[in-house]
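Taken in sequence, the protein lines are chains A and B.
In the working numbering, each number is its position in the first sequence, counted from 1, plus 74.
In the working numbering, each number is its position in the second sequence, counted from 1, plus 348.
The beta carbon of each residue, even a glycine, is placed where N, CA and C say it ideally should be.
What follows is a short report on a single structure.
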Amino acid sequence: MVPTKTLRLANELSEIRRLAQAVDDFAALHGVPAKAAYHVNLAADELITNAIEYGEAAPGRRIVVTLRREPDSLVMEITHRGIAFDPTAEAAPPDLTSDIDDRAVGGLGVHFAKTFLDGLSYVRRRGANRLILTKKL
Amino acid sequence: MTMSIESQGDVAVVVLTGRLDSTNAADTESKILEQIEAGRPRIVVDAAGLDYLSSAGLRVFLVVAKRVKANGGALALHSLTDHVREVFEISGFVNVLTVCADRDEALSRV
């Protein structure tokens, strides 16, 4: 049986830290390297921050996060109800080359998530947004 | 995250410890900008104790870098930990912001 853990986060940015601790604990328990856990946490932080800031979910709505320690990967599913919002779709590509005067920060969060993960997918189903993050181990 | 600000000459040295993320980015930014408003646009950030940085945190450094430049000063960061350095490199910010190995180098660059 694949080890799993489920957390229900309140729709608040501070919950991201609680999630990070839970991911670190889960990783330590199930032989996931700290660096992989760090990358998943950073990706989740960026995506959940976007979902909370732009996803217009009602304040009482929970964000459900499930972790699975698959044989060769760590998988995180993030589900939240709200308007159809795909945190992986960028309004504009990230600015990685402009100098200081012209530099913009938009799109960087999603860029980090895509760079640090091996898989990232979004699906809208039954009024909920679901993200699946995969980190190969 | 804890933030302390020391003076070295007319340079404000901001020492960050812990996480800089979406929960505390705005507050951190305003505290550093206060230094500039107080007439100290030469800023060094000691990142030796910073163990986590998200894009929200990176944005703080970008805003500060633009503001010090507009005020005739400069920003330099030093002693980045591995994870934070990785974020700087993936974002390309290592080429846009002044990143130094240690405090002395950072002080000489502002």
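The segment 84 to 129 of chain A contains, as complete alpha helix (DSSP H) runs of 4+ residues, the segments 89 to 103, 108 to 128 (chain order). Taking 9 Å as the cut-off, the Cβ atoms of ARG407(B) and LEU182(A) count as close.
Of the candidates ASP369(B), THR365(B), VAL447(B), THR350(B), VAL447(B) places its Cα closest to the Cα of ALA422(B). Check the Cα spacing between PRO168(A) and each of VAL412(B), ILE391(B), SER403(B): the tightest is with SER403(B). Taking VAL411(B) as the centre and dropping the five residues before and after it, the same chain places the C-beta of GLU377 closer than 7 Å to its C-beta, in chain order. Along the segment 442 to 457 of chain B, going in chain order, the ones with a CB nearer than 7 Å to a CB of chain A are VAL444. In this structure ASN115(A) does not touch HIS154(A) by the C-beta definition: roughly 17 Å separates them, more than the 8 Å allowed.
Between the alpha carbons of HIS426(B) and ARG198(A) lies a distance of about 43 Å.
Within 10 angstroms of the beta-carbon of LEU398(B) lie 16 or more other beta-carbons, which makes it buried. Within the segment 381 to 415 of chain B, the residues whose Cβ lies closer than 8 Å to some Cβ of chain A are TYR400, SER402, SER403, ALA404, LEU406, ARG407, LEU410, ALA413, LYS414, listed in chain order.
Measuring C-alpha to C-alpha distances from ASP358(B) to each of ASP430(B), THR350(B), GLY387(B), LYS379(B) identifies GLY387(B) as the nearest.
Contact between THR140(A) and THR208(A) does not hold, since their C-beta atoms are separated by about 13 Å, which reaches or exceeds 8 Å. Residue-level contact by beta carbon fails for SER378(B) and chain A, as no gap is shorter than 9 Å.
Taking PHE100(A) as the centre and dropping the five residues before and after it, the same chain places the C-beta of LYS79, LEU141 closer than 6 Å to its C-beta, in chain order. Leaving aside the five residues that flank PRO389(B) on each side, the residues in its chain whose CB is nearer than 7 Å to its CB run, in chain order, VAL416, ASN419, GLY420, GLY421. Distance from the CA of ARG82(A) to the CA of VAL393(B), rounded to the nearest whole angstrom, comes to 36 Å. Taking C-alpha positions only, ARG433(B) is separated from VAL138(A) by approximately 31 Å.
Our two residues, ILE90(A) and LEU381(B), have alpha carbons roughly 26 Å apart in a direct line. Between the C-alpha atoms of GLU385(B) and LEU148(A) there is a straight-line separation of about 46 Å.
Leaving aside the five residues that flank ALA424(B) on each side, the residues in its chain whose CB is nearer than 7 Å to its CB run, in chain order, VAL392, THR446, CYS448, ALA454, ARG457, VAL458.
When rounded, the separation of the alpha-carbon atoms in ALA373(B) and MET75(A) is 40 Å.
Counting the other Cβ atoms within 10 Å of the Cβ of ARG143(A) gives 16 or more, which makes it buried. Note on geometry: alpha-carbon atoms of GLY366(B) and THR350(B) lie some 7 Å from one another. When 7 Å is used as the limit between beta carbons, ILE438(B) is near these residues of chain A: PHE186, THR189, in chain order.
In the three-state reduction of the DSSP assignment, LEU406(B) falls in the helix class, which pools H, G and I.
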